Amino acid sequence: MKGFYNLGELATADVEKLVARALHLRAGAAPRRFEGKALGILFFNPSLRTQASFQRAAGKLGVDLVQLQAGGNGVWGIECEDGVTMDAGNAEHVREAAPVLGRFVDVLAIRAFAGIQSLDRDLRDALMNGFRKHAGIPVVNMESALWHPCQALADWTTMDLYEIPRRAKFVLTWAWHPKPLPHAVPNSTVCMASQRGMDVVVLRPKGYDLHESILAEASALAKANGGTLTVTDDRESALKDASIVYAKSWASLGCWGNTEAETAQRAGLREWCVSPEWMKRTDRARFMHCLPVRRNVVVRDEVLDGPWSIVIDQAENRLHAQTALLESQFASLERKSQIRAKSPVPLELPQ
Amino acid sequence: MKGFYNLGELATADVEKLVARALHLRAGAAPRRFEGKALGILFFNPSLRTQASFQRAAGKLGVDLVQLQAGGNGVWGIECEDGVTMDAGNAEHVREAAPVLGRFVDVLAIRAFAGIQSLDRDLRDALMNGFRKHAGIPVVNMESALWHPCQALADWTTMDLYEIPRRAKFVLTWAWHPKPLPHAVPNSTVCMASQRGMDVVVLRPKGYDLHESILAEASALAKANGGTLTVTDDRESALKDASIVYAKSWASLGCWGNTEAETAQRAGLREWCVSPEWMKRTDRARFMHCLPVRRNVVVRDEVLDGPWSIVIDQAENRLHAQTALLESQFASLERKSQIRAKSPVPLELPQ
Amino acid sequence: MKGFYNLGELATADVEKLVARALHLRAGAAPRRFEGKALGILFFNPSLRTQASFQRAAGKLGVDLVQLQAGGNGVWGIECEDGVTMDAGNAEHVREAAPVLGRFVDVLAIRAFAGIQSLDRDLRDALMNGFRKHAGIPVVNMESALWHPCQALADWTTMDLYEIPRRAKFVLTWAWHPKPLPHAVPNSTVCMASQRGMDVVVLRPKGYDLHESILAEASALAKANGGTLTVTDDRESALKDASIVYAKSWASLGCWGNTEAETAQRAGLREWCVSPEWMKRTDRARFMHCLPVRRNVVVRDEVLDGPWSIVIDQAENRLHAQTALLESQFASLERKSQIRAKSPVPLELPQ
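Residue numbers (this note's numbering), protein chains in the order written: chain A, 1 to 351; chain B, 1001 to 1351; chain C, 2001 to 2351.
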């Protein structure tokens, strides 16, 4: 396996193997050790679970850890557009930052959220793809503009832990939030549940569709894996018979980069907050959320503190899923001959 | 031992054991190793000694380290009040943050200073107690709104190192400072010296009493351990026969959250700065301070650079005291059966 | 070896040994392990390569790592001037910060850039020298106001890797940049190349001389090691026969602390940007830069992405050179008896 950008890039059987390994690790199996190898983790955005679980996974795997953060006295601002005259804020280009880190560590994990300013740039997943293109080593996505595959892997693990049937009904619901948020989690969630072969419903108010390319990918995954995909704003039909209610807020593609328009559009939508009444319309569904979650904004206290919530197990599974993933990445490096250049490149001048 | 919130929660004999172990470690004893265990350290406020010594202690004990900081691209802002509608700044609630970290590590250390805005909130020690209540694992206090017990443990260790008699006279003196500072250090200092059975004097100008609940706890500790507690603004009598002069600035409870009132109240108090003249009135006293200390504001250069100061040994003892403390915490985990849930919780719906 | 402040403080034969060791490490030699020892790294300024390579080197050497950063919820602001009344921004003095860290770790590495406000202060290298004077342990310079010796060591290693002859022509060229930058890299570069016995040319526009004390040190090193030193603004003669073009921007000593004057002075100098035309005037020269580098500002994309550039190997060699250096530092600690005080200092009062 060469890096990890998006869960859907893996064959379903390979996802199943990682999930099974994650559950073994959770049950107490010892991870393999890769002494002398190194993992780099670089954060361009805040994190609690991801930072903590990647640090801990490095310890469990016995690898050296290089931990970096953008901002303050951390790493320099990184430019990722090609051909730019860099006389503005960014001091370094990903064309240097990525291969340099690729010389210092063996696997590089990156968090780089959508900026929600330029839709084009976010759809290109520019910073993450810059690192993937130039690092020269496997790059693991710790949440990019488009995908959060480690979350998706942990979520699948959590549903297996709770013995949620493969064909059960999975509802991803939009929720109100004071800020427009990126699409990485809902994108990865809808594709993950589709790849798991579930009956997936995206419940959202008008104006909050996910990008058509994501819905197309989810549909294809559903079809290939025996599931279905539906998009609706009818809460009652969506919740009926649901086994999972997965809440998340996300920005409107139609208002991308326009906070005032976004605020106006969602002004009447504050009742999109998951309450016990929602849960009671389901078939004994469990409540999931990637965290962090704003209480009494996205979901009521009564749900998070009630019997439905499995968010803490879901978060714990980040550790086990990522340990399984990194174990697989480092093991795959061992099977290859080392190809990194050890000798200088001869000078061949242009004619 | 289940976590470490306040030195006074330990029996005096248990404090003595930790101090003795700290002195053994200082003298070169090898700490026990706890490979496969993990320590998390999370800072909501700046730190030099605490960060450095906890990191080093983790290395000495052989445990995996998870290090987190609030702000910038670190962890999300954490809400700790129950029942809040979280539509303002904080993105995550301690009811999620704490148990999630409790799944990733075995012992969690937290620094969360008083905000000095709401006295009620600071007296409740709201953020620290949120972590203690919800983490599900032992929580170590790296300085909260109310207490700095690791400092107190190091201070006791330092007095034993310098063979300061148990019944010697210990003077905690207020000092001028440009900003109103939290009470955690003076609270812990006065209680620690009282528990050590010393003749404790709190020397402060009018308006700078510690909270009555703290003075009551210190009095009770003094009584139980054979010491005395006095509060005065008479510098001459306070310093006479003193063996320790411990300086610290703190905010006025009467001006809590009102910086202008505080500034006005302390306007005439700049001469509350420990000078050689102060030290010469003592009985060959040593000078202590928790650091960082503002030179020529809280204490004169001549004292810090003179024969009285033991602040560097005092700071070094943070490492040894905390290594002893963490060794005890991890050892106590080993003696218990692992009780963390490994299997999902069955769904029991409300009637 | 006691710390590492400036490459020129080492005998040339000692530099050669470190470079040879760095190349062995690059080729796969195993570094020595120093379990139970500890390295502290403290950053007052941003960093990518330095942070990552020092963290990784600590892993390779098996030492405990203590990593600290100024700002945010990192370490307190550090004062380094003696005798100051500390009632302004800085909460801690280097007279405490340095010896305290010296009790927690065995080798301490510091990054403290020039502030480019006071030339006197920058020429004294005040913060770095404060740590060196007060830490009580070896201090490694990770870039100070005056020197970046780890970069210089990596650069020498890189030229040996590329088999650049000792007497080859080395051109350090100034480049335009939107901001006035410190002199540490050009200072270390010109002295390193001079100590390597090269024919060194500093190519810069009028107004951009390095400090006379640096040029004097470089001249002396050139003379002692069989090389030459020239300063010119004639690009054509400078580039002719060059084997290395090393680009770097730096501030004008005449405008130090005056950003408007600096901006005005360099207004017409934007064409000081290394292009393929520059490289074609050389004798098949390689292009070097310490990174981060602003593309199409300091150097054109065509050079960085073309056959001339060896900047990624140069950056990789930071890791190997610093691992060799730290290995030497820790090994030298082992040969000494431990002299750190384990017992309290007796109180000797002034008469």
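Even for Gly, the Cβ is constructed at its ideal location relative to N, Cα and C. None of these values were measured; they are calculated from a predicted model.
Taken through DSSP and simplified to helix, strand or coil, Leu2210/C comes out as coil.
Within the DSSP bridge table, the entry for Val2075/C names Ala2070/C as partners. Distances from the CA of Leu253/A to each of Asp313/A, Ala184/A, Gln314/A, Tyr246/A were compared; the closest alpha carbon is that of Ala184/A. Here DSSP, grouped into helix, strand and coil, assigns Arg235/A to helix. DSSP lists Val140/A as the bridge partner or partners of Phe4/A. Straight through space, the alpha carbons of Lys248/A and Glu1217/B are spaced by roughly 47 Å. When DSSP states are grouped into helix, strand and coil, Arg2318/C belongs to the helix group.
Inter-residue distance for Glu2271/C and Trp2176/C is about 7 Å (C-alpha atoms, whole angstroms). Residue contact check for Val2084/C against chain B: a CB pair falls below 8 Å.
Annotated three-state conformation of Val303/A is helix, per DSSP. With a beta-carbon spacing of about 20 Å, Ser118/A and His148/A fall beyond the 8 Å limit used to define contacts.
Straight through space, the alpha carbons of Trp76/A and Ala2145/C are spaced by roughly 18 Å. The segment 2232-2278 of chain C is shown to contain whole alpha helix (DSSP H) runs of 4 or more residues at 2235-2239, 2259-2265, in chain order.
Apart from the 5 residues on each side of it in sequence, Ala1261/B sits with its Cβ closer than 6 Å to the Cβ of Cys1255 in its chain, given in chain order.
Within the same chain, Cβ atoms closer than 6 Å to the Cβ of His320/A are found at Ala22, Leu25, Arg26, the five residues on either side in sequence being excluded. In the three-state reduction of the DSSP assignment, Asp106/A falls in the coil class.
With respect to the 8 Å criterion, Asp199/A and Thr228/A are classified as neighbours on the basis of their beta carbons. Nearest C-alpha to Arg281/A among Val311/A, Asp313/A, Val245/A, Arg300/A: Val245/A. Excluding the 5 residues flanking it on each side, Pro1099/B has same chain C-beta neighbours closer than 6 Å at His1134, Gly1136, in chain order. Contact of Pro1138/B with chain A by beta-carbon distance below 8 Å is absent, the smallest such distance being about 17 Å. Where Lys2133/C is concerned, the enclosing alpha helix (DSSP H) starts and stops at 2126-2134. Excluding its 5 nearest sequence neighbours in each direction, Asp160/A has C-beta neighbours in its own chain below 6 Å: Val19, listed in chain order. For Gly59/A, the three-state secondary structure derived from DSSP is helix.
Not flagged as an interface residue toward chain B: Ile110/A, since no C-beta distance is shorter than 8 Å. The DSSP-derived three-state label of Val1201/B is strand. Secondary structure at Phe2330/C: helix, using DSSP grouped into helix, strand and coil. For Arg1295/B, a Cβ of chain C is located within less than 8 Å of the residue's own Cβ. The continuous stretches of alpha helix (DSSP H) do not include Thr173/A, which lies in the beta strand (DSSP E) extending over residues 169-174.
Proximity of the segment 1113-1129 of chain B to the segment 317-334 of chain A falls short of the contact definition, fewer than three beta-carbon pairs being nearer than 8 Å. Look at Ile2164/C: its C-beta is not under 8 Å from any C-beta on chain A. For Leu2039/C, there is no enclosing alpha helix (DSSP H); the residue is found in the beta strand (DSSP E) stretching over 2038-2043. Cys2290/C is a Cβ neighbour of Gln2151/C, given a cutoff of 8 Å. Pairing Gln1051/B with Pro2138/C, the inter-Cα distance amounts to about 21 Å. About 20 Å separates the CB atoms of Pro178/A and Asn1073/B; that is not less than 8 Å, and the two are not in contact.
DSSP links Thr228/A through a beta bridge to Asp199/A. Annotation for Gly1008/B: Cys1191, Gln1195, Glu1217, Leu1221 place their beta carbon closer than 7 Å to its own, counting only its chain and skipping 5 residues before and after.
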